[in-house]
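Colleague: Before I ask anything, here is the structure I am working with.
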Amino acid sequence: MPNTPNDPSRPAILLRDTRLLIGGEWTSARSGQTFESVDPSTGQVIARLARGGEADIDDAVAAARRAFEGPWRGTKPVERQRLLLAIADLIDRHREELAYLQSLEFGGPISVVRAGMSRPTGLLRFYAGLATAIHGETIENSLPGHFLSYALKEPIGVVGAITPWNGPLSVCITKIAPAIAAGCTVVLKPSEEASLAAVRLGELAVEAGVPPGVLNIVTGAGDAGAALAAHPGVDKLGFTGSTVTGQAIIRASAGNVKRLSLELGGKSPDIVFADADLDAAARGAAMAVFANSGQICCAGSRLLVERSIHDEFVERVAAVGRSLKIGHSLDPATQIGPLVSRKQLDRVCGYLDAGPREGAQLVSGGNRCDDDALRDGFFVPPTVFAGVRNDMRIAREEIFGPVISAIPFDDADQALAIANDTPFGLGAGVWTRDVKKAHRVSGALRSGTVWINCYLQMDPSIPFGGYRMSGYGREFGTRHIDEFMQLKSVVLDMG
Numbered sequence: 094m095p096n097t098p099n100d101p102s103r104p105a106i107l108l109r110d111t112r113l114l115i116g117g118e119w120t121s122a123r124s125g126q127t128f129e130s131v132d133p134s135t136g137q138v139i140a141r142l143a144r145g146g147e148a149d150i151d152d153a154v155a156a157a158r159r160a161f162e163g164p165w166r167g168t169k170p171v172e173r174q175r176l177l178l179a180i181a182d183l184i185d186r187h188r189e190e191l192a193y194l195q196s197l198e199f200g201g202p203i204s205v206v207r208a209g210m211s212r213p214t215g216l217l218r219f220y221a222g223l224a225t226a227i228h229g230e231t232i233e234n235s236l237p238g239h240f241l242s243y244a245l246k247e248p249i250g251v252v253g254a255i256t257p258w259n260g261p262l263s264v265c266i267t268k269i270a271p272a273i274a275a276g277c278t279v280v281l282k283p284s285e286e287a288s289l290a291a292v293r294l295g296e297l298a299v300e301a302g303v304p305p306g307v308l309n310i311v312t313g314a315g316d317a318g319a320a321l322a323a324h325p326g327v328d329k330l331g332f333t334g335s336t337v338t339g340q341a342i343i344r345a346s347a348g349n350v351k352r353l354s355l356e357l358g359g360k361s362p363d364i365v366f367a368d369a370d371l372d373a374a375a376r377g378a379a380m381a382v383f384a385n386s387g388q389i390c391c392a393g394s395r396l397l398v399e400r401s402i403h404d405e406f407v408e409r410v411a412a413v414g415r416s417l418k419i420g421h422s423l424d425p426a427t428q429i430g431p432l433v434s435r436k437q438l439d440r441v442c443g444y445l446d447a448g449p450r451e452g453a454q455l456v457s458g459g460n461r462c463d464d465d466a467l468r469d470g471f472f473v474p475p476t477v478f479a480g481v482r483n484d485m486r487i488a489r490e491e492i493f494g495p496v497i498s499a500i501p502f503d504d505a506d507q508a509l510a511i512a513n514d515t516p517f518g519l520g521a522g523v524w525t526r527d528v529k530k531a532h533r534v535s536g537a538l539r540s541g542t543v544w545i546n547c548y549l550q551m552d553p554s555i556p557f558g559g560y561r562m563s564g565y566g567r568e569f570g571t572r573h574i575d576e577f578m579q580l581k582s583v584v585l586d587m588g
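Residue 94 is where the sequence shown starts when you use this note's numbering, and the numbers rise one by one after that.
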């Protein structure tokens with residue numbers, strides 16, 4: 094049985110109102126306001142957090158600027174490396190608590206969240222390694238006379254980070270760790286739907302010895318994020334979230350021309366050819382969407398299936414969905430947890446209604462879960478639609494729920510035409526035993542990442558980001574740290 098809201102073994106952070114981390118101090122919001130965090134499995138309030146606003150963002154940015162202009166700027170790479178490694182060690186020590194907080198707050202099944210706790214520590218250790226690998230270059234020039242020229246990499250300054258709810262700890266670390274490795278300071282605004290893990294991360298960072306002002310955390314709603322995006326004291330902003338919000342951030346930041354990295358929405362195609370290993374492909378295609386209840390930016394929600402196997406394969410995928418146990422996120426047996434909020438539930442249910450209205454055939458799922466044990470939570474079962482056309486809303490718009498839209502195709506050229514007929518370009522999948530076909534198709538897909546005979550396999554060393562309206566900039570990979578650096582050219586007359 095999952096822990097109940099009054100379970101005395103719950104993490105201490107749930108027993109008090111949380112505060113903002115600004116300049117190394119934990120403080121209430123200037124307004125004194127708070128907001129509630131809700132368990133999406135039950136709809137019950139689990140915590141109250143400080144609701145920061147524009148004034149708190151001002152304070153946090155000022156603290157970050159003071160830290161950047163102060164002793165932090167002279168910190169050696171090895172010292173920044175040690176801080177990141179110390180945070181990783183503390184996360185390892187508190188991994189069960191952090192898994193609990195994430196599972197409880199955003200609804201990820203506890204078994205899955207526990208299994209993924211090596212990811213945030215792996216990210217910290219990866220970026221810790223990059224901290225001591227920053228280097229410039231000398232440049233051969235063609236100037237008359239004798240001139241020495243070289244280029245230096247310098248930290249960009251104050252970094253703003255706005256993060257989503259799906260995978261809250263790892264996404265926060267993806268924004269924070271490379272910034273600290275580069276020598277920047279950070280103001281983090283986590284999603285109001287999942288802030289507890291971010292606050293606990295801040296506590297561990299302070300315990301690890303991160304100096305005051307280097308990491309600031311302001312919890313709150315959209316007004317806090319908007320203030321951070323527009324703030325003239327922020328030199329770079331990283332955002333992961335919807336394309337609509339990303340567009341608003343571009344507009345808000347235009348006045349001060351800050352550097353942006355945006356990882357936005359997607360409507361990713363997952364292409365299955367008749368010569369694929371159909372057992373592996375069915376499981377992979379199902380979990381490319383049903384994992385995390387479909388709340389994954391690169392979910393393979395458009396399932397393109399070669400016509401000769403379409404009906405049989407779609408039924409295999411639906412059977413995988415039917416076999417998954419739906420339940421409270423803290424139940425170790427749960428494989429599919431809730432959507433993150435009632436708002437998200439209403440959004441997804443709107444698409445469940447739209448599919449049949451536009452002519453799609455419902456194969457499985459299709460309604461909100463109404464079992465007695467699930468009625469108060471925000472649950473939607475794994476859902477599969479067949480007979481989908483690429484002009485339907487369920488094929489065009491990001492649903493962010495456990496909903497697959499299956500579309501038949503006749504040959505590789507038609508599959509590519511359908512796959513690329515989207516404003517997005519975040520991820521894509523290709524399932525085939527034909528290696529030549531796999532490379533030809535992956536090369537023609539307009540997507541930032543293509544998985545062949547797998548899906549959602551990610552590693553800190555592999556760059557990740559989108560084409561077109563899925564954003565710009567890349568996270569992960571050895572070049573990610575350059576997003577937080579400025580290049581300075583120096584020319585010396587050696588006369």
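Using N, Cα and C, we set each Cβ at its ideal position, and we do this for glycine too.
Since we're looking at a predicted model, the values are computed, not measured.
1) Please check the pair Ile-232 and Ala-244, which I expect to be a contact at CB under 8 Å, by giving their CB distance rounded to whole angstroms.
2) Indicate whether the contact test is met: 3 or more Cβ pairs, each with one atom in the region 534 to 546 and one in the region 324 to 341, closer than 8 Å.
3) For Ala-291, collect the residues of the same chain with a Cβ closer than 8 Å to its Cβ; drop the 5 residues on either side in sequence, then sort them by chain order.
4) Report yes if the CB atom of Leu-371 is closer than 8 Å to the CB atom of Ile-500, and no otherwise.
5) Please go through the same chain and pick out, in chain order, the residues whose beta-carbon is closer than 8 Å to the beta-carbon of Leu-177, but skip the five residues on each side of it.
6) Extract the residue ranges of the beta strand (DSSP E) inside the region 158 to 197, only unbroken runs of 3 or more that lie entirely within it.
7) From the DSSP output, in three-state form, read off Tyr-220 for me.
8) Met-94 by DSSP, collapsed to three states: which one?
9) Going by the CB atoms, is the gap between Asn-546 and Ile-389 shorter than 8 Å?
10) How is the beta strand (DSSP E) around Gly-522 delimited, first residue to last?
11) Since Met-210 is in the alpha helix (DSSP H), which residue starts that stretch and which ends it?
12) State the beta-bridge partners of Lys-329 as determined by DSSP.
13) Using the DSSP secondary-structure output, state which residues sit across from Ile-115 in a beta bridge.
14) Contact between the region 349 to 358 and the region 554 to 572: three or more CB pairs below 8 Å?
15) When burial is assigned at 16 or more other CB atoms within 10 Å of the CB, is Ser-211 buried or exposed?
16) Counting pairs of Cβ atoms below 8 Å between the region 401 to 414 and the region 477 to 491, do you hit three or more?
17) Which residues in the same chain have their Cβ closer than 8 Å to the Cβ of Gly-443, if we skip the five residues on either side of it in sequence?
18) Compute the Euclidean distance between the alpha carbons of Gly-420 and Ser-204, then round it to the nearest angstrom.
19) For the alpha helix (DSSP H) containing Arg-435, name the first residue and the last one.
20) Go to Asp-316, then tell me how far its alpha helix (DSSP H) extends in each direction, as first and last residue.
21) Evaluate the contact criterion for the region 313 to 327 versus the region 292 to 302: three or more CB pairs, one atom per stretch, below 8 Å.
22) In its own chain, which residues sit with a C-beta less than 7 Å from the C-beta of Pro-553, not counting the 5 before and 5 after it?
23) Taking Asp-404 as part of the alpha helix (DSSP H), name the residues at either end of that continuous run.
24) Excluding five sequence neighbours on each side, which residues of the same chain lie with their C-beta closer than 8 Å to the C-beta of Ala-345?
25) State yes or no: is the C-beta of Pro-431 within less than 8 Å of the C-beta of Gly-459?
26) Could you pull out every residue in the same chain whose Cβ sits closer than 7 Å to the Cβ of Leu-467, ignoring the five residues on either side in sequence?
27) Could you check which residue in Asp-463, Cys-391 and Gly-448 has the C-alpha nearest to that of Phe-493?
28) For a quick check, are the C-beta atoms of Glu-198 and Pro-104 less than 8 Å apart?
29) Please check the pair Gly-200 and Ser-386, which I expect to be a contact at CB under 8 Å, by giving their CB distance rounded to whole angstroms.
30) Exposed or buried, which one is Pro-213 when buried takes at least 16 other CB atoms within 10 Å?
31) How many Å lie between Lys-169 and Ile-429 at the Cα?
32) Would you mind reading off the limits of the beta strand (DSSP E) that contains Gln-454?
33) Assuming Lys-505 contacts Gly-306 under a Cβ cut-off of 8 Å, what Cβ separation, rounded to an integer in Å, is found between them?
34) Could you pull the DSSP bridge partners for Val-280 from this structure?
35) Does DSSP put Glu-285 in a helix, in a strand, or in coil?
36) Going by other Cβ atoms of all chains shown within 10 Å of its Cβ, with 16 needed for buried, is Arg-53 buried or exposed?
Modeller: Short version:
1) Numbered from 1 along the sequence shown, position 139 holds the residue referred to as residue 232. Numbered from 1 along the sequence shown, position 151 holds the residue referred to as residue 244. About 6 Å separates the two Cβ atoms, so the contact holds.
2) no
3) By one-based count along the sequence shown, residue 291 stands at place 198. Contacts found: Thr-256, Pro-261, Leu-262, Cys-265, Leu-281, Pro-283, Ile-310 and Thr-312.
4) Indexing the sequence shown from 1 puts residue 371 at position 278. Indexing the sequence shown from 1 puts residue 500 at position 407. Contact flag unset, no.
5) Reading the sequence shown from its first residue, position 84 is the one you call residue 177. Taken in chain order, the residues that qualify are Leu-217, Arg-218, Tyr-220, Ala-221, Ala-224, Ala-270, Ile-273 and Ala-274.
6) none
7) Position 127 of the sequence shown, counted from the first residue, corresponds to residue 220. Helix, per DSSP.
8) The sequence position of residue 94 within the sequence shown is 1, counting from 1. For Met-94, the predicted structure reports a pLDDT of 39, less than 50, and the residue's modelled location is therefore unreliable. A value from the coordinates is still provided. Coil.
9) For the purposes of this step, residue 389 is taken as the residue at position 296 of the sequence shown. For the purposes of this step, residue 546 is taken as the residue at position 453 of the sequence shown. No. Outside cutoff.
10) Sequence index remark: in the sequence shown, residue 522 carries index 429 (1-based). Run containing Gly-522: 520 to 524, per the beta strand (DSSP E) assignment.
11) Residue 210 sits at position 117 when you count from the first residue of the sequence shown. Counting along the chain, Met-210 falls outside any alpha helix (DSSP H), and DSSP gives it neither H nor E.
12) The sequence position of residue 329 within the sequence shown is 236, counting from 1. Lys-329 pairs with Val-252 and Arg-352.
13) For the purposes of this step, residue 115 is taken as the residue at position 22 of the sequence shown. DSSP output for Ile-115 lists Glu-118 as bridge partner(s).
14) yes
15) Here residue 211 is taken as the residue at index 118 of the sequence shown, counted from 1. Exposed.
16) yes
17) Counting from one through the sequence shown, the residue named residue 443 turns up at place 350. Excluding residues within five positions, none has a Cβ falling inside 8 Å.
18) In the sequence shown, residue 420 corresponds to position 327, counting from 1. In the sequence shown, residue 204 corresponds to position 111, counting from 1. Between Gly-420 and Ser-204, the C-alpha separation is close to 12 Å.
19) Position 342 of the sequence shown, counting from 1, holds the residue named residue 435. Where Arg-435 is concerned, the enclosing alpha helix (DSSP H) stretches over 435 to 450.
20) Reading the sequence shown from its first residue, position 223 is the one you call residue 316. Looking at the DSSP string, the run of the alpha helix (DSSP H) that includes Asp-316 is 315 to 323.
21) no
22) The sequence position of residue 553 within the sequence shown is 460, counting from 1. Only Gly-215, Leu-216, Phe-219 and Phe-569 meet the Cβ criterion.
23) Walking along the sequence shown from the start, residue 404 turns up at place 311. Counting along the chain, the alpha helix (DSSP H) containing Asp-404 begins and ends at 403 to 416.
24) The residue you call residue 345 lines up with position 252 of the sequence shown. So the list reads Ala-319, Ala-322 and Ala-323, once near-sequence residues are dropped.
25) For the purposes of this step, residue 431 is identified with residue 338 of the sequence shown, where counting begins at 1. For the purposes of this step, residue 459 is identified with residue 366 of the sequence shown, where counting begins at 1. Contact: no.
26) Locating residue 467 in the sequence shown gives position 374, counting from the first residue. Result list for Leu-467: Ile-419, in chain order.
27) Taking the sequence shown and counting its residues from 1, the one referred to as residue 493 is at position 400. If we check each option's Cα against that of Phe-493, Cys-391 comes out closest.
28) Working through the sequence shown from its first residue, we reach residue 198 at position 105. Working through the sequence shown from its first residue, we reach residue 104 at position 11. It is not a contact, given that the beta carbons lie outside the stated cut-off.
29) Start at 1 with the first residue of the sequence shown, and residue 200 comes out as number 107. Start at 1 with the first residue of the sequence shown, and residue 386 comes out as number 293. Sure, about 7 Å apart at Cβ, within 8 Å.
30) Taking the first residue of the sequence shown as position 1, residue 213 is located at position 120. Classification of Pro-213: buried, given that the 10 Å Cβ count is 16 or more.
31) As a position in the sequence shown, residue 169 is number 76, starting the count at 1. As a position in the sequence shown, residue 429 is number 336, starting the count at 1. If you take the alpha carbons of Lys-169 and Ile-429, they lie about 45 Å apart.
32) Numbered from 1 along the sequence shown, position 361 holds the residue referred to as residue 454. It spans 454 to 457 - the beta strand (DSSP E) in which Gln-454 sits, taken as one unbroken run.
33) Walking along the sequence shown from the start, residue 505 turns up at place 412. Walking along the sequence shown from the start, residue 306 turns up at place 213. The residue you asked about is not Lys; residue 505 is Ala in the sequence shown. That belief does not hold up - the Cβ atoms of Ala-505 and Gly-306 are roughly 54 Å apart, past 8 Å.
34) On the sequence shown, residue 280 is found 187 positions in, with the first residue counted as 1. Bridge partners of Val-280: Gly-253 and Asn-309.
35) Locating residue 285 in the sequence shown gives position 192, counting from the first residue. Three-state result, Glu-285: coil.
36) Residue 53 is absent from the model: the chain starts at 94 and stops at 588.
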